[in-house]
Amino acid sequence: MNPSQASTAIDFKAVADRLLPAGSSYDSCLACGLCSSGCPASGLEGMDPRRFIRMAMLGLDAELTSTPWIWTCTQCKRCAQVCPMNIDVSVLVGYARSQWPDERKPSGIVRSCKAQMLSDSTSAMGVSPEDFVEIVEETAEELRRSDDRFAHIAVPIDRKGAFFFINQNSREPAAEPEEMRPLWKVLDHVGADWTYGSSGWAAENFCMFAGDDAAWKAMVEKRVEAVDALGCKVWINTECGHSFYTLWKGVERFGLKPNFDYASLVTYYAQWIREGKLPVNADWNTRGIKFTLQDPCQLVRKSIGDEAADDLRFVAKTLVGEANFVDMQPCRSANYCCGGGGGFLQAGMKELRHAYGKRKFDQIAATEAAYVLTPCHNCHSQMEDLAHHYGGTYRVVHFWTLICLSLGILGPDERKYLGPDLQDVGLPQ
Amino acid sequence: MIHDADVLIIGGGVTGCGVLRDLALRGIRAILVDRGDLNSGASGGNHGLLHSGGRYAANDTETAAECRIEGGILERMAPQAIDDCGGLFVAVEGDDTGFVERFGAHCAAAGIDCEPLDVDDLRRLEPAISDRAIAAYAVPDATVDPFRLTIEQVADARRLAESLFLPHTEIVGFDIDGGRVRAARCRDTRTGEAVTIRARQFVNAAGAWSMAVARLAGCDDVRVLWSKGTLVIANTRLTRRVVNRLRLPGDGDILVPGGTVSILGTTSDTIAGLDVIRPTPEEVDRNIEEGRALIPALAHTRFIRAFAGVRPLVLPSGGDGDGRKASRGFTLFDHLDQGLDNFATIAGGKLTTFRLMAERIADLVAARLGNHEPCRTATEPLPALERLSWTEPGHSARAWIAARNPADAILCECEMVPKSTVDAVLESAPGAEPQMPLRAIGVRSRIGKGTCQGSFCAIRVTSHLYDRGTYGGREGLGLMRDFLAERYKGTRPVLWGAQMPQAELAETLHCGLLGLDLIDHHGQDGEPQ
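Protein chains in written order, with this note's numbering: chain A, 1 to 429; chain B, 1001 to 1529.
Right under this line is the structure:
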């Protein structure tokens, strides 16, 4: 791509003046480069966050309007986090994305957003409400048949008046339905009053990454309507980062008025452990297997903040044992994005995505952990792919897997993300 | 060291460079010297405004008409250095309405194209202008990059006649014998080395310093009033056009766009000497206080530096006093009545009229040499040299993006100047030399001119110069310190808002990280303060 292909150049400086809060316009940039130093996308396509600002200040709008770098920036906001002048480059990256014609945007991101528009599911993998209901019911039935302990487990859908509305990432119903079971078991164990919805159930929102505000808004509206229609008090976002952020941010950005609170599943894992409802511990980890933790940007730095990071560590350390937990450096709100966010995984820019993720790979390798825990599907896929690409030996695992493992209720076919070392641990005798 | 040339020109400002090229176009080889570098004086310390003449229409019709004619010639001869952005004259509530009414007639008298503008149209054209504007005229003002003008003139003179520019070469005296200057005795201000330049003709185009140079040749006829002007640079371009206050010239009443920035000025204060020329916070305040009546955003805009220049205004014998009232015209001194027949001085004038000044003195010098070629600077376009256009904002950046060469690292992030630009300056810019100082590279590129005012690029460019062997010992550190001290002279008077943390960051880098405060100007260790 070259500048001449840009149809109409964006006046980035003027847009920044309009979109950024007072006092944090590009005009106040000190050119210190803290943004670029902490950005894993620095150097890709000859760009970095500081260069983005400097180019805007020099009026290189045609070049900025057409640079494919905006699709390698995951909008993780680490640049904004460290900027002494409070400048947020990701806002203008989002704006630039919105100005690309759909046919030139990375097709995978556009396709995922369009799939979400197909039915009331809002599913990026195109799973219809009918299919979702059928897959859930079949999977639940299998579970009831195969394990006496769960012969009467309830997996409610569209149950009016349930306290919790829990969403569901499409990957499980579409590709690995058995991975839904550990979460159901956890909810069953704590006696949660919950339901899925056949409408607005999907936990992904690629419309934000596509820079399509109208579609992003439509998705959030659909989900808010679905939760309100069932009269639920709390919307719990499953182990996924961006689907939480897109609702949390979308409600504010589009001025929506939901009649429910929203929370991350991690917050409730921590609460249920503290309340004694989830009596997990690390007794199973007799071999001292080491675990590290990836803080999803969308959940920690970009929305809930260090409170979520605290909960993540409390849950992780309880599950694996304090001595077996190793943090990455830096972490929490200063954590590096892995490169799975921003639609990068769907953008078809594999080499760039691997280059972006090298920093995360090195960070994980430095911990010498055998497993990375993360409550985010995009982080999960990217870190697995990084291990594969760079020859890492670590595995990436969901929290629900370890919770059920610790409780002794993880089935033998619910262990695809565990290594051979954990295939037999905690199975019924 | 001894040099020989047909003509020695003293003063590497826009006029001296203009004389160098004018003579070269007539086939005359000259040597140009400056005690500092190109544009060290008023030629580098001005608005970069190519006056339509409107500014002087009310009280100096002759200068106004000269500006109009010369501005038109420059737009044809050197379009690469000119932004034909247009200009406005705007009066705000409280300004003299009588002056407003007479302005059109004054412009007409000087032949200046001047269109009255409706105030609503004015605010649509330039939203930054105050809603208290009451009258406006559009005039053909333009802006000019004086650095590009001088660099390309010196380069063209080198191409045409192998003429030579010697930086940091100061005149210390003249060898005079039999009513003729035989040689100029000079000193290399960097090395202290003595340099002798023998020539048949000597041209004094030393601007504010022309009186001192004339006196070294025993001439007492040049009398110059020094009028210091301070200007201040905004971090962004606030208006598309030049905006002049529609009133008799005063402080802070012209805002001139310069690529990506705007320059506000100027003050006018008569000074007694040239030892210290630096902008002061008081002068900056005065500019902003006056300027905000016209452009309210000036009250809260970010300024990145201030700078000062000294207008050399020629005093008629017996005249005195006020810099605003002194003529902006120029004077050619042939010094025959001082007993010399091969020494001439050109003084006064304006950036806009430099070409005409150069023509007048070159005519005299050429005739004295028996050369009867006509002046060609009004008809022969100044060649635009792609490799020397690094002073244009965004030029390096665009070239770097187009080249897509990841090995060509960006050294200056603010202005996006890569290694290859610094290398090109070192290899082919006029005045390039071994161990080229950072300041000299800055004059020939955008290095140090951006938001951070050299905080980072000084370190990176110096490192690059060590890497490529330009510097070897400690001299590079001293030259970096000189460069930063010069930048700080400009940032010090604008230390508020975002520029304050910027300066704190710079201090941390330069003193905390590098310990430059312990290096003296010659790269030697100094005593800790």
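The C-beta atom is built at its ideal place from N, Cα and C for all residues, glycine as well. Bear in mind the structure is a predicted one, so any value in this text is a computation, not a measurement.
Does the beta-carbon distance from residue i to residue j come in below 8 Å?
i: B/Asp1334; j: B/Ala1347; result: no
i: A/Glu324; j: A/Ile289; result: The residue you asked about is not Glu; residue 324 of chain A is Asn in the sequence shown. Yes.
i: B/Thr1470; j: B/Gln1499; result: no
i: A/Tyr371; j: A/Arg395; result: yes
i: A/Arg159; j: A/Thr195; result: yes
i: B/Leu1388; j: B/Ile1031; result: no
i: A/Gln346; j: A/Met219; result: no
i: B/Val1443; j: B/Asn1046; result: no
i: B/Gln1308; j: B/Thr1260; result: The sequence shown places Ala at residue 1308 of chain B, rather than the Gln named in the question. Cβ atoms of B/Ala1308 and B/Thr1260: not closer than 8 Å.
i: A/Met85; j: A/Leu30; result: yes
i: B/Ile1082; j: B/Leu1049; result: no
i: A/Lys105; j: A/Ala226; result: no
i: B/Ser1187; j: B/Val1195; result: Sequence inspection shows Arg at residue 1187 of chain B; the Ser mentioned does not correspond to that position. The answer is yes: Cβ separation under 8 Å.
i: B/Cys1457; j: B/Cys1412; result: yes
i: A/Pro375; j: A/Glu172; result: no
i: A/Leu64; j: A/Ala56; result: yes
i: A/Phe291; j: A/Leu373; result: yes
i: B/Gly1543; j: B/Leu1216; result: Given that chain B is displayed from residue 1001 to residue 1529, the structure contains no residue 1543 of chain B and the question cannot be resolved.
i: B/Ala1297; j: B/Leu1246; result: no
Just checking my contact of residue i with residue j at CB under 8 Å: how many whole Å lie between their CB atoms?
i: B/Gln1080; j: B/Arg1148; result: 7 Å
i: B/Val1154; j: B/Ser1227; result: Rounded, the Cβ-Cβ distance is 27 Å, inconsistent with contact.
i: B/Glu1415; j: B/Pro1437; result: Contact flag wrong, Cβ pair sits at about 19 Å.
i: A/Asp327; j: A/Leu293; result: 7 Å
i: B/Gly1013; j: B/Gly1207; result: 5 Å
i: A/Gly250; j: A/Trp216; result: 6 Å
i: A/Arg353; j: A/Phe344; result: 5 Å
i: B/Leu1340; j: B/Arg1223; result: The pair is not a contact, with the Cβ atoms about 17 Å apart (cut-off 8 Å).
i: A/His377; j: A/Asn167; result: So it is not a contact: roughly 12 Å between Cβ atoms.
i: A/Leu183; j: A/Trp400; result: 5 Å
i: B/Ala1091; j: B/Ile1134; result: 5 Å
i: A/Val93; j: A/Gln81; result: Wrong, their Cβ atoms sit about 15 Å apart, outside the cutoff.
i: B/Met1480; j: B/Thr1462; result: 5 Å
i: B/Arg1055; j: B/Pro1249; result: 6 Å
i: A/Asp11; j: A/Asp61; result: 6 Å
Evaluate residue i with the Cβ neighbour count: other Cβ atoms within 10 Å of its Cβ, from every protein chain shown; 16 or more gives buried, anything less gives exposed.
i: B/Glu1527; result: Legend: pLDDT at B/Glu1527 = 38, less than 50; position of this residue unreliable, value from coordinates given subsequently. Exposed, because fewer than 16 other Cβ atoms sit within 10 Å of the Cβ of B/Glu1527.
i: A/Gln5; result: Low local confidence applies: a pLDDT of 45 at A/Gln5 is under 50, so the model's placement there is unreliable, with the coordinate-based value given in what follows. By the neighbour-count rule (16 or more Cβ atoms within 10 Å), A/Gln5 is not buried but exposed.
i: A/Thr286; result: exposed
i: A/Asp421; result: exposed
i: B/Leu1225; result: buried
i: B/Gly1192; result: exposed
i: B/Met1211; result: buried
i: B/Gly1478; result: buried
i: A/Val315; result: buried
i: A/Lys257; result: exposed
i: B/Ser1396; result: buried
i: B/Glu1115; result: exposed
i: B/Trp1496; result: exposed
Provide the residue(s) that pair with residue i in DSSP beta bridges, ordered along the chain.
i: B/Phe1330; result: B/Gly1348
i: B/Gly1087; result: B/Val1139 and B/Val1242
i: A/Lys360; result: DSSP lists no partner for A/Lys360.
i: B/Asn1204; result: B/Ile1010 and B/Thr1345
i: B/Gly1229; result: B/Gly1309
i: B/Ile1263; result: B/Ile1233 and B/Val1256
i: B/Gly1173; result: B/Arg1185
i: A/Arg395; result: A/Tyr371
i: A/Val82; result: None, per the DSSP bridge assignment.
i: B/Pro1116; result: B/Tyr1137
I want to check one thing, is the minimum distance from the CB of residue i to the heavy atoms of the ligand MG below 7 Å?
i: B/Leu1438; result: This structure does not include the ligand MG; it has no bound ligands of any sort.
inquiry  = Runs of 3 residues minimum, wholly inside the segment 150-195 of chain A: which ones carry the beta strand (DSSP E) assignment?
reply    = 164-166
request  = Let me know the alpha helix (DSSP H) ranges lying completely inside the segment 1420-1457 of chain B, each 4 residues or longer, listed in chain order.
outcome  = 1438-1443
request  = Output the residue ranges of the beta strand (DSSP E) runs that lie fully inside the segment 256-302 of chain A and measure 3 residues or longer, sorted by chain position.
outcome  = 261-264 and 291-293
Entirely enclosed beta strand (DSSP E) segments - the segment 204-264 of chain A, minimum 3 residues = 234-237 and 261-264
ask   = What are the complete beta strand (DSSP E) segments, minimum 3 residues, inside the segment 1363-1432 of chain B?
value = 1410-1412
key: 3-residue-minimum beta strand (DSSP E) runs that sit fully inside the segment 5-37 of chain A, ordered along the chain   = For the segment 5-37 of chain A, not a single whole beta strand (DSSP E) run of length 3 or above is found.
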